[in-house]
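**Q** I'd like to ask you about the structure that follows.
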Amino acid sequence: MFELLMTVFPGIGTLFVQDPVIAVSRILLIGLGFVLAWLGFRRTLEPLIMVPMGLGMMAVNAGVMFLEAGKIGTLIIAPMVSEPNALIEVMQIDFLQPIYNFTFVNSLVACLLFMGIGTMADISFILARPWASVTVAICAELGTFVTLVIGYYMGLSPNEAAAVGTIGGADGPMVLFGSLVMAKELFVPISIIAYLYLSLCYAGYPYLVRWLVPEKYRGLEVEYDFPEVTQEAKFIFTICSAALLCFLLPVASPLILSFFMGVAIKEAEIEPYQELLEKTITYGATLFLGLVLGVLCEASTLLDPRVVILLVLGITALAISALGGLGGGWLVWKVTKGNYNPAIGIAGVSCLPSTAKIAQRCTFEASPHAMIMPLAMGASICGVIVSAIAVGVFASTIGLVN
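For the sequence shown, my numbering puts the final residue at 409, and the numbers step up evenly by one.
Pasting the structure below:
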């Protein structure tokens, strides 16, 4: 009877032949996947990522079966396969394997997302208060550098510590790219932890802003002017910035090119490309990003002792970056003698446009007439650029430490 059950329902049967730790982990991950998908449905967490991620997590841990030669696995994805012949074979069997190998392993999905982010970035927002935006963005990278040091002293190699430190930039595509370049063996857990924490932080950051920025300061109205800059000048600035940053940081040139390509298309008003990147490419890449990250959450893949360290470092990086960004907001407020809203500091944590929306929402709660969104967007755009520079610097110099 038991053998018949295992044959007819291998998803259940495999629970009894696997290591008990893995079996229990599968059940827990199925439950976690349901929670994430439900919270995405309720809009508590980001639905664009959490619904496909949660469903993928449930499916990959439930759909375990008996394969040839007594092996146990799924028909969804096999991220640990690297031998060329085995890889070619598994790509003909596992339905998400081609997407994983052709878009994740080479960072293509991160670059596609960065093109979409570029089309949402308006250089005019930076020009409204350029030095303030740059200051806040630099301060909001504090978690990246602090986590690098903490991770190293917790036993990670410099490459691994730098890769997990990129979570502090709160930029999902940047984390994907950085972990693939600097710590490919930890790409899966770092990416999963990054996106889980990013969704949780978007729910938690407003409380941090309310705690560290009293209501009378959150409601400050800021005086600013948009300088008159021609479309031609913004386009020239965009392409020259791309060339300069690629020249200085060639290891990050795929991300730099992708971001500024999106910006250039927006400034050149190439509407067919802009619509393609903003909608089809961005949402398509986001769908497969969430789904693939979900199916990578297979119990045996995540049972790495270093995952606990990564969990601690990930939340540390995001918390310190938020504190750094808000500290930068207070610094600008002090220098400008009060003509700056400190809540804008959270927007320096570079997830565009989510953290900018958090800053504006917290400000509206204190004063319905205070409009800081343009300045918050400027800080977020600078945050994206500073994050790319930080990853480029890490990837270029971390080998010198080794």
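C-beta atoms are modelled at their ideal positions from N, C-alpha and C, and glycine is treated no differently. Owing to the predicted nature of the structure, the values given are computational and were not obtained by experimental measurement.
1. Could you tell me which residues DSSP pairs with Ile79 in its beta bridges?
2. Tell me where the alpha helix (DSSP H) around Leu103 begins and ends.
3. Beta-carbon separation of Ile457 and Leu317 under 8 Å?
4. Give me, in chain order, the residues of the same chain whose beta-carbon lies closer than 6 Å to that of Gly38; leave out the 5 immediate sequence neighbours on both sides.
5. Could I get the ranges of all uninterrupted alpha helix (DSSP H) runs contained in the region 213-265, with 4 residues as the minimum, in chain order?
6. Give the C-beta separation of Ile414 and Val302 to the nearest angstrom, bearing in mind that I take them to be a contact with Cβ-Cβ under 8 Å.
7. Rank Gly335, Phe242, Glu372 and Gly40 by C-alpha distance to the C-alpha of Ser140 and give the top, closest one.
8. Would you mind stating whether Gly123 and Leu284 have Cβ atoms separated by less than 8 Å?
9. Quick check: the region 361-369 against the region 248-262, are at least 3 beta-carbon pairs closer than 8 Å?
10. Out of curiosity, what's the CA-to-CA distance linking Ala326 and Val391?
11. Between the alpha carbons of Pro86 and Ile100, how many angstroms are there, rounded?
12. DSSP state of Tyr347, grouped into three classes?
13. Would you call the CB atoms of Ala329 and Tyr204 closer than 8 Å?
14. My assumption, with CB atoms under 8 Å, is that Leu82 sits in contact with Val88. Please give the rounded CB distance.
15. By DSSP, does Cys369 sit in helix, in strand, or in coil?
16. If Ser403 sits next to Pro261, beta carbons under 8 Å apart, how far is it from one beta carbon to the other, in whole angstroms?
17. Let's test the definition: count the other Cβ atoms within 10 Å of the Cβ of Tyr347 and tell me whether it reaches 16, buried, or not, exposed.
18. Using the rule of at least 16 other Cβ atoms within 10 Å of the residue's Cβ for burial, across every protein chain shown, is Arg50 buried or exposed?
**A** Let's see:
1. Phe73
2. Premise fails: Leu103 is in no alpha helix (DSSP H) and is neither H nor E.
3. Only positions 8 to 409 of the chain appear in this structure, which leaves residue 457 out of reach.
4. none
5. 222-225 and 238-255
6. What is shown of the chain runs 8 to 409, which leaves residue 414 out entirely.
7. Gly335
8. yes
9. no
10. 18 Å
11. 13 Å
12. In the three-state reduction of the DSSP assignment, Tyr347 falls in the coil class.
13. no
14. Val88 and Leu82 do not touch by the CB rule: their CB atoms are close to 13 Å apart, not below 8 Å.
15. Cys369: helix per DSSP, three-state reduction.
16. That pair is no contact at about 14 Å.
17. buried
18. Per the 10 Å Cβ criterion, exposed.
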